[in-house]
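There are 2 protein chains.
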Amino acid sequence: MEPIKNIPRLCRILGYEFTDLTLLDQALTHRSAASKHNERLEFLGDSILSIVISDALYHQFPKAKEGDLSRMRATLVCGKMLAEIALEFKLGDYLKLGPGELKSGGFRRESILADAVEAIIGAVYLDRGIEPCRQLVLNWYQSRLKSIKPVDQKDPKTLLQEHLQGFKKPLPVYTVVKTVGEAHNQTFTVECMVKGLNEPIVGVASSRRKAEQIAAAQVLELIKK
Amino acid sequence: MEPIKNIPRLCRILGYEFTDLTLLDQALTHRSAASKHNERLEFLGDSILSIVISDALYHQFPKAKEGDLSRMRATLVCGKMLAEIALEFKLGDYLKLGPGELKSGGFRRESILADAVEAIIGAVYLDRGIEPCRQLVLNWYQSRLKSIKPVDQKDPKTLLQEHLQGFKKPLPVYTVVKTVGEAHNQTFTVECMVKGLNEPIVGVASSRRKAEQIAAAQVLELIKK
Numbered sequence: 001m002e003p004i005k006n007i008p009r010l011c012r013i014l015g016y017e018f019t020d021l022t023l024l025d026q027a028l029t030h031r032s033a034a035s036k037h038n039e040r041l042e043f044l045g046d047s048i049l050s051i052v053i054s055d056a057l058y059h060q061f062p063k064a065k066e067g068d069l070s071r072m073r074a075t076l077v078c079g080k081m082l083a084e085i086a087l088e089f090k091l092g093d094y095l096k097l098g099p100g101e102l103k104s105g106g107f108r109r110e111s112i113l114a115d116a117v118e119a120i121i122g123a124v125y126l127d128r129g130i131e132p133c134r135q136l137v138l139n140w141y142q143s144r145l146k147s148i149k150p151v152d153q154k155d156p157k158t159l160l161q162e163h164l165q166g167f168k169k170p171l172p173v174y175t176v177v178k179t180v181g182e183a184h185n186q187t188f189t190v191e192c193m194v195k196g197l198n199e200p201i202v203g204v205a206s207s208r209r210k211a212e213q214i215a216a217a218q219v220l221e222l223i224k225k
Numbered sequence: 001m002e003p004i005k006n007i008p009r010l011c012r013i014l015g016y017e018f019t020d021l022t023l024l025d026q027a028l029t030h031r032s033a034a035s036k037h038n039e040r041l042e043f044l045g046d047s048i049l050s051i052v053i054s055d056a057l058y059h060q061f062p063k064a065k066e067g068d069l070s071r072m073r074a075t076l077v078c079g080k081m082l083a084e085i086a087l088e089f090k091l092g093d094y095l096k097l098g099p100g101e102l103k104s105g106g107f108r109r110e111s112i113l114a115d116a117v118e119a120i121i122g123a124v125y126l127d128r129g130i131e132p133c134r135q136l137v138l139n140w141y142q143s144r145l146k147s148i149k150p151v152d153q154k155d156p157k158t159l160l161q162e163h164l165q166g167f168k169k170p171l172p173v174y175t176v177v178k179t180v181g182e183a184h185n186q187t188f189t190v191e192c193m194v195k196g197l198n199e200p201i202v203g204v205a206s207s208r209r210k211a212e213q214i215a216a217a218q219v220l221e222l223i224k225k
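So the protein lines, in turn, are chains P and C.
Using full-length UniProt numbering, read the first sequence as starting at 1 and increasing by one per residue.
Using full-length UniProt numbering, read the second sequence as starting at 1 and increasing by one per residue.
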């Protein structure tokens with residue numbers, strides 16, 4: 001395997017000196033390149049990112065409701081945001097990819113870049129523990145945390161409604177078509193019908209509201225294309 | 001509002017003494033009971049639980065693949081498992097619910113119980129920080145972590161197939177009914193049909209496999225009742 005390029009430069013960009021550089025090496029290794037790849041580190045990094053961002057949002061927005069906090073968190077930890085961070089780090093230049101991925105431009109693929117950022121977070125966590133890792137992630141997210149607002153974030157039902165209103169179309173119709181189970185442990189099946197769709201899309205969940213959100217999210221996916 | 005019942009006993013059961021008991025009080029307060037309720041704490045607790053369990057699984061299974069780790073984590077942090085823990089704590093006896101929820105048996109509802117466990121985790125985290133919180137959660141999960149195995153975990157499609165085979169029913173049929181978007185950015189609509197259902201359940205996602213899993217998960221929810 002080729003040696004990793006200019007690792008000291010990458011560490012300067014990341015703002016972190018690894019005690020154990022093999023962790024960084026592994027975090028940069030896609031599964032197409034070697035058997036010791038970054039997926040397990042990504043698994044760890046995903047959870048660490050979540051608690052660091054959750055804690056930051058919790059304290060930054062002492063009056064925000066849970067729904068707003070969750071939506072802001074989802075925005076900050078989504079693949080698109082992580083890929084953006086990866087591009088700032090020029091992470092694509094440092095990734096180890098297998099021949100197939102190299103040929104098809106894997107170093108530019110959003111999901112590969114996002115996964116590598118999570119893997120680096122996991123590597124830092126293993127290298128020096130939660131607090132140094134938290135400080136680093138907060139540095140990376142400084143401007144993003146500064147600019148995020150609760151009102152920017154909306155749930156699928158709201159987004160669907162606004163999307164339809166934007167095109168002057170009628171509002172979606174939600175119908176509970178089935179309820180199964182005992183009173184305290186029910187499952188709701190909800191249909192969401194939107195003009196222009198051939199048939200309603202179904203959402204199933206443990207509450208009517210959740211089932212409606214699931215259905216709305218899927219309708220959005222469909223009609224936004 | 002009624003005073004919380006026998007809080008010292010609850011602390012003994014949880015295995016934790018709060019420095020700030022108002023945090024525990026808030027964690028036990030459902031949004032139906034007061035404006036200062038447990039949803040923000042639940043938001044925090046959810047992420048803390050995730051990193052504690054992720055870290056434990058990462059070290060307990062040094063050779064497990066990311067997929068197996070993710071499935072084990074999903075099992076350990078799911079609502080059903082959290083509700084089980086809540087029942088062990090007899091948490092329903094300590095919850096503060098509004099009149100409507102009290103009347104409809106909210107203290108037995110799985111989602112309310114699960115959310116309260118996450119809120120308590122969030123409260124402990126705020127009370128004394130990540131390490132004491134981690135130790136407590138690991139105590140609660142000791143036997144569950146001991147018994148979990150990578151092979152126990154299965155995806156919705158596998159679970160659905162096995163469920164149907166167990167009842168000697170025909171296998172589910174998956175059909176791609178729609179594909180929208182350009183080649184590298186498609187959305188797939190898949191129908192999953194199972195004998196005994198009146199109509200197929202639809203899954204929509206960015207890959208055929210994910211759409212099938214979404215549909216299978218919803219069919220499972222429906223037929224398991």
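A virtual CB, placed ideally from N, CA and C, is assigned to each residue, including glycine.
Beta-carbon proximity of residue i to residue j, cut-off 8 angstroms
i: L82/C; j: S32/C; result: no
i: L57/P; j: E118/P; result: no
i: Y94/P; j: L10/P; result: yes
i: V180/P; j: L160/C; result: no
i: D127/P; j: L44/C; result: no
i: A123/P; j: L24/P; result: yes
i: R144/C; j: L76/C; result: yes
i: G203/P; j: V190/P; result: yes
i: L14/P; j: F89/P; result: yes
i: Y174/C; j: E131/C; result: no
i: P150/C; j: A216/C; result: no
Rounded C-alpha distance that separates residue i from residue j
i: I214/C; j: A205/C; result: 8 angstroms
i: A34/C; j: F107/C; result: 16 angstroms
i: G105/C; j: F188/P; result: 18 angstroms
i: I7/C; j: E84/P; result: 47 angstroms
i: E17/C; j: S70/P; result: 29 angstroms
i: H59/P; j: A74/P; result: 17 angstroms
Given residue i as reference, the closest of the options once Cα atoms are compared
i: K168/C; options: G196/C, P150/C and Q142/C; result: G196/C
i: R109/P; options: R9/P, G79/P and C11/P; result: G79/P
i: A86/P; options: I121/P, F43/P and V180/P; result: I121/P
i: I148/P; options: T175/P, Y125/P, L41/P and D68/P; result: D68/P
i: C192/C; options: L41/C, H37/C and P170/C; result: P170/C
i: V177/C; options: T75/P, V194/P, I201/P and Y16/P; result: I201/P
i: F61/C; options: R40/P, Y125/P and F61/P; result: R40/P
i: K146/P; options: Q26/P, I7/P, I53/P and P99/P; result: I53/P
i: K157/P; options: E199/P, E131/P, I130/P and R209/P; result: R209/P
i: L91/C; options: K65/C, T29/C, L21/C and T19/C; result: T29/C
Chain C within 8 angstroms of residue i, Cβ atoms only
i: Y174/P; result: no
i: A33/P; result: no
i: R71/P; result: no
i: H184/P; result: yes
i: T47/P; result: The amino acid at residue 47/P is misidentified as Thr; the sequence shows Ser. Yes, contact with chain C.
i: S111/P; result: no
i: D55/P; result: yes
i: Y141/P; result: no
i: I148/P; result: no
i: V190/P; result: no
i: E39/P; result: yes
i: Y16/P; result: no
Any chain P beta carbon closer than 8 angstroms to residue i
i: Q218/C; result: yes
i: T187/C; result: yes
i: E221/C; result: yes
i: residue 229/C; result: Since the displayed chain C opens at 1 and closes at 225, residue 229/C lies outside it and no answer follows.
i: K169/C; result: no
i: G105/C; result: yes
i: I121/C; result: no
i: E66/C; result: yes
i: Y94/C; result: no
i: R209/C; result: no
i: I51/C; result: yes
Reduced DSSP category for residue i - H, G, I as helix; E, B as strand; rest coil
i: I148/C; result: coil
i: E191/P; result: strand
i: T19/C; result: coil
i: A205/C; result: strand
i: K157/P; result: helix
i: K103/C; result: helix
i: K210/P; result: helix
i: K80/C; result: helix
Distance cut-off 7 angstroms: residue i Cβ against heavy atoms of the ligand SAM
i: Y94/C; result: Absence of the ligand SAM from the depicted structure is noted, as is the absence of any ligand whatsoever, leaving it without description.
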